[in-house]
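Chemist:
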Amino acid sequence: MTAAPQRIGVIGGGRMGGGIAQVFAAAGAHVTVVESSPQAADAARARIADSLERAVRRGKSDVDPADVLGRLDLVPAVSGLPAEADLVVEAVPEIPGLKAEVLTAAEQAVSPRTVLATNTSSLSVTELSAVLEHPGRFLGMHFFNPVPASKLVEVVTSPATSDAVRDQVLGYVGALGKKDVLVRDSPGFATSRLGVLLGLEAIRMLEEGVADADAIDTAMELGYGHPMGPLRSTDLVGLDVRLAIAEHLHRTLGDRFAPPRLLRDKVTAGQLGRKTGQGFHAWPQ
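Quick look at the structure:
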C-alpha cells in the first residue's frame, strides 16, 4: 500500500481546500495551504481546528488536533508552495481561467516530479492540462464535501495523464482511508453528471409543487437508501456551485441539464444553502 505523501500543497483554504488539507495532515503529511489574505488564512486554520476537535468529540477520530495543526502552514501566494512537494491539489472556485492561472503558477513553483491535481467537480481535466508544460503529471482528484467524513475520491484522468501518476494518486487515496473510483475525463465525470441530474429534477419537482423539500428528500433517503436527499445535498454543496456545474453541463451535454428557474432565483437572492443559512432548507449558523 502506498504511504501518504510526505509534503503536499493545497491551493485554496475554503471548505473543500481546508478539508483536503485536514485529511492529508491527519494522515501524517506536512501541508502548505495557499490563501491570499491573512483573514482567509486565519479562517481556514480555525475551520480545520474546529473540524478536528468535533471529530474527536464525536469519536470519529483519535488524532491529536494540535499535532495535525502543527503540520499545517499557510502562505499568501502559490510561489510559497514547497518546491519538493509530492502533490499539489488546486481547490479554487469553478472558474476555468482562475484554475488555469493557479495551475500554471504551481507548475513553476514545484519540482518536475510533483504531481498536480485539480479538485474540479465538472470542468474538463483535459482542457486544464493544456496550460501545463508537463500534462502527464496532472489529473483530477474530486473530493466530496465534507471531505473528512466522505469515503470517496473520484480520480479523473486525461489522455495525457501518465500511468505512473495515476497509480501514485490511487495509492494516496488508499493511504487516506478513502475509496477511489477511476473515470476518464468527460463532462461531469461520473458523480457530478448523475448527482446534478437528480438534484435538478428534485428542484423541478419542488417548483411544480409535487411535494415540499423535506418530503422529496425523505423519499430518496428512505425509499432508495440515499444518505442525504438531493435538495439537502444541493444545500451542502452550495446552490451557486450547483448552478455553475449545471450551466457547464447544459453547454456540453444539452437541455437535460438546463438549470430550473427556482435554482437561479435562489442564487440571485443569496440563498446558497448551508453556508448562508438558507437554501432549500434552513440551516443553523
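If you want my numbering, it's the 1-based position in the sequence shown plus 1034. All C-beta atoms in this analysis are idealised placements derived from N, C-alpha and C, irrespective of residue type, glycine included.
1. Do you know how far the Cα of Pro1110 is from the Cα of Pro1072?
2. Determine the extent of the beta strand (DSSP E) in which Phe1172 is found, giving its start and end residues.
3. Leaving out the 5 sequence neighbours to the left and right, which residues in its chain are closer than 8 Å to Ala1083 when beta-carbon positions are compared?
4. For Lys1185, does the count of other Cβ atoms within 10 angstroms reach 16, so buried, or fall short, so exposed?
5. Could you pull out every residue in the same chain whose Cβ sits closer than 8 Å to the Cβ of Glu1241, ignoring the five residues on either side in sequence?
6. Would you kindly work out how many angstroms separate the C-alpha atoms of His1282 and Val1181, rounded to a whole number?
7. Roughly how many whole angstroms lie between the Cα atoms of Met1050 and Lys1133?
8. Out of Arg1308, Val1123, Glu1128, point me to the one whose CA is closest to Ala1139's CA.
9. Counting C-beta neighbours from all protein chains within 10 Å, is the total for Glu1069 16 or more, i.e. buried, or is it exposed?
10. Quick check on Leu1296: does DSSP put it in helix, strand or coil?
11. With a Cβ-Cβ cutoff of 7 Å, do Val1067 and Leu1121 count as a contact?
12. From the DSSP output, which residues share a beta bridge with Gln1312?
13. Could you tell me which of Leu1106, Val1090, Ala1080, Lys1094 sits nearest to Gly1043, measuring between CA atoms?
14. Straight-line CA distance for Gly1288 to Glu1235?
15. For the beta strand (DSSP E) holding Gly1243, just list the boundary residues, first then last.
Modeler: According to the structure shown:
1. Looking at the two C-alpha atoms, the distance is approximately 8 Å.
2. 1172-1177
3. Pro1099, Leu1103
4. exposed
5. Pro1294, Arg1295, Leu1296
6. His1282 and Val1181: Cα-Cα distance of roughly 23 Å.
7. 15 Å
8. When only C-alpha atoms are compared, the closest one is Val1123.
9. Per the 10 Å Cβ criterion, buried.
10. helix
11. no
12. Gly1307, Ala1316
13. Leu1106
14. One C-alpha to the other measures close to 15 Å.
15. Careful: Gly1243 lies outside any beta strand (DSSP E) and carries neither H nor E.
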